């Protein structure tokens, strides 16, 4: 259930990903944010008619409070890539075609030496831009005849540098029968690692394609499973595995339709499903060896976090060798040193615990000796890259409400913060310069450059500047209070967008998911506090015990105590916020949360319902017992509850919202989607049934085509409109009453 940042590419780049449960994904995976083509109709709660929704969005260019339509139509910057000389930045840019209900993904390039506007080099359908080592060509993934293939864009060059606008026509370089899932170029650019989803009993990509065709043509629709996973995140398992291949470019720069299989004999996914990327495999500096991480499936895959690091000859002449077999917990994200002598990677110590601290490990490839680089640093890093001289590792990590970029000295383990406030959700390194994708609570992601010592931070793109100029946002402030056991706990408050001193405002009390995550100083395209601030609400959120960024002991403290310490923190945090901020109207407040935050919303409905005029629950856990048997990733449930449900039933009952339905009394909006296989739809349906049977005012909003996240533009607008209408209904001032003042 927590976030991670994963590195990728040469030069170094670290696009975002998430490692497990939903929310928490404070920044959405780039792949997960690709939106489907069509919107499904949503039925009104009490009729058989389709709820109306706009078919187009016209942005308001007059000053106005920030709203969901602004959010949906924003351009989204991702996946920054520096050319080897550090002069050119390539990156992904997603715009929204609202009428078509989808995102349009382009590739942009910016000459950092000249500034100005980026040039769109691939206008649509492209992702994963990567510079060739010589900096004269750019690779990317885009469809060809319905199959995702690797393409190359060659730029003419002269005394003035690359001619970005006058590039040659794109060249398709891969011709496999299957989609390219991920790729990474070799250091010399002569070969490329490719991941394909294949049936492992097939010897060729064409064989897998033929089997898929046979299945599609079969009139029988049943699928027989003999082991888990049956489904994962939002997809039914189809029997394929992501396998790692090597393709060599010929003299024309073309790849064979049948590359060399490197992961021979590996029953696992490279990269991992559902959110893995090219940070999970890497070339050695000489290109002769490939490193990758994988979890061997067997029959234990759904209750195991035992990823290991393997090495294999790049020519496929030998089988992969496990380098970290002794550790039964998570080993991942290999980063070879520039001299090829050391392999750096991230490792956990506790088997089955996805939110354990990632330690930075160094493996001496000659002797096999391992040591931890950063034993004194009580943070869990991700997105690891290395400097050209091998002396510095770069990582990101949650840190007291921020998500900064850090530099770690490989010799001493000393950690320095390079870029602080806000969130660095991706970066790329070339020479003395870093290219950052950076955002905060008031600004979506843009690109910045900074020197390798953290100096001279400069913004180089300004997407959404006109929109933000017209859309008023709420100011925010962090605060600290004494929580459970009088330990310090942090939260923050966001003022309404059109805040006026002396007035009191209704409150949206947001409970984050995970639970091992945090509400940080970062931008979100889903649970964004500014959408509530724009509707006239103040926002309060608490990073309770179990949150990330406050030390591993603090994170660990929630396991086995979901309704204990976190609830105490929420209560004390609410009291502290009311005492500190006089503009909060404690008599007009609603609590809302998703995933673990949804569990907590159901929990407080029975045990702490006094402060709330209404509740909003998105994809929450209603019945802890059946959650164990219906979810996909069992390792999470087993760690959090001390074992399987059949071995530790009392632990699952200790904080089970189902057992407190008799005490529910607050009006509740329940939202749950049909493709949520993490917390299945029956959890939300069960809660709505309980509310209706008890006669409590309630509504149920469902999206049959969405997963744990609501991503499609029309669905996002409907979600926000429905939630805001519910909040306003129950926090409205009595008719004829004067606005409350503090």
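In our numbering, the protein residues as written are 927 to 1668. Glycine included, every Cβ here is placed at the ideal spot set by N, Cα and C. Keep in mind it's a predicted model, so treat the numbers as computed, not measured.
Measuring alpha carbon to alpha carbon, tell me which residue in the options is nearest residue i.
i, options, result
"residue 1047", "1529, 1450, 1035 and 1165", "1035"
"residue 1052", "1043, 1033, 1667 and 1063", "1033"
"residue 1381", "1359, 1391 and 1512", "1359"
"residue 1405", "1189, 1501 and 1151", "1501"
"residue 1019", "1421, 1624 and 1387", "1387"
"residue 1125", "1145, 1153 and 1165", "1165"
"residue 1470", "1482, 1557 and 1538", "1482"
"residue 1614", "1641, 1638 and 1583", "1583"
"residue 1266", "1415, 1065, 1550 and 1113", "1113"
"residue 1550", "1522, 1335 and 1072", "1522"
"residue 1277", "1263, 1666, 1231 and 1237", "1231"
"residue 1042", "1152, 1389, 1238 and 1347", "1389"
"residue 1027", "1254, 998, 1010 and 1184", "998"
"residue 1118", "1130, 1062, 1128 and 1058", "1058"
"residue 1197", "1183, 1524 and 1170", "1170"
"residue 1015", "988, 1372 and 1492", "1372"
"residue 1516", "1155, 1044 and 1543", "1543"
With DSSP as the reference, label residue i as helix, strand or coil.
i, result
"residue 1669", "With the chain covering only 927 through 1668, there is no way to say anything about residue 1669."
"residue 1066", "strand"
"residue 1320", "strand"
"residue 1024", "coil"
"residue 1672", "Nothing about residue 1672 can be read from this structure; the chain reaches only from 927 to 1668."
"residue 1198", "coil"
"residue 1445", "coil"
"residue 1622", "coil"
"residue 1310", "strand"
"residue 1043", "coil"
"residue 959", "Its pLDDT being 43, under 50, residue 959 is placed unreliably in this model, and the value from its coordinates should be taken loosely. If DSSP states are grouped into helix, strand and coil, residue 959 belongs with the helices."
"residue 1667", "strand"
"residue 1654", "helix"
"residue 1250", "coil"
"residue 1430", "coil"
"residue 1297", "strand"
"residue 986", "coil"
"residue 1186", "strand"
"residue 1640", "helix"
"residue 1614", "helix"
"residue 1090", "coil"
"residue 998", "helix"
"residue 1129", "coil"
"residue 1325", "strand"
"residue 1287", "strand"
"residue 1661", "coil"
"residue 1649", "helix"
"residue 1551", "helix"
"residue 942", "Only weak support exists for where residue 942 lies, its pLDDT of 28 falling under 50; the coordinates are left without a value."
Just grab the DSSP bridge partners of residue i for me.
i, result
"residue 1221", "1233"
"residue 991", "1398"
"residue 1262", "1269"
"residue 1414", "1408"
"residue 1594", "1541 and 1624"
"residue 1158", "1161"
"residue 1599", "1629"
"residue 1452", "Partner(s): none; residue 1452 has no beta bridge."
"residue 1057", "1064"
"residue 1372", "1364"
"residue 1587", "According to DSSP, which records beta bridges pairwise, residue 1587 is partnered with nothing at all."
"residue 1168", "1123"
"residue 1403", "1419"
"residue 1226", "Beta-bridge pairing links residue 1226 to no other residue."
"residue 1108", "1121"
For residue i, verify whether its CB is less than 8 angstroms away from any heavy atom of the ligand GDP.
i, result
"residue 1025", "This structure lacks the ligand GDP, and indeed carries no ligand of any kind."
Verify the CB distance criterion: does residue i have a CB-CB separation below 9 angstroms to chain E?
i, result
"residue 1000", "In the structure shown, chain E cannot be found, because there is only a single protein chain."
Entirely enclosed alpha helix (DSSP H) segments - the stretch 1481-1527, minimum 4 residues: The stretch 1481-1527 contains, as complete alpha helix (DSSP H) runs of 4+ residues, the segments 1491-1506 (chain order).
Flag this pair as touching only if the stretch 1450-1457 and the stretch 1475-1495 have three or more C-beta atom pairs under 8 angstroms; answer yes or no. no
Segment contact, 8 angstroms Cβ cut-off, at least three pairs: the stretch 1509-1522 with the stretch 1294-1308: With the cut-off at 8 angstroms, the stretch 1509-1522 and the stretch 1294-1308 do not touch.
Check whether the stretch 1092-1110 and the stretch 1142-1149 are in contact - that is, three or more C-beta pairs closer than 8 angstroms. no
Between the stretch 1284-1295 and the stretch 1442-1449, are three or more C-beta pairs nearer than 8 angstroms? no
So, do the stretch 986-1006 and the stretch 1340-1355 have three or more beta carbon pairs nearer to each other than 8 angstroms? yes
Specify whether the stretch 1474-1481 and the stretch 1394-1412 touch according to this definition: at least 3 beta carbon pairs, one from each stretch, less than 8 angstroms apart. no
The stretch 1461-1470 contacting the stretch 1400-1418, beta-carbon criterion three pairs below 8 angstroms: yes
So, do the stretch 1325-1337 and the stretch 1218-1234 have three or more beta carbon pairs nearer to each other than 8 angstroms? They do not touch, by the three-pair rule.
Counting pairs of Cβ atoms below 8 angstroms between the stretch 1586-1598 and the stretch 1608-1623, do you hit three or more? yes
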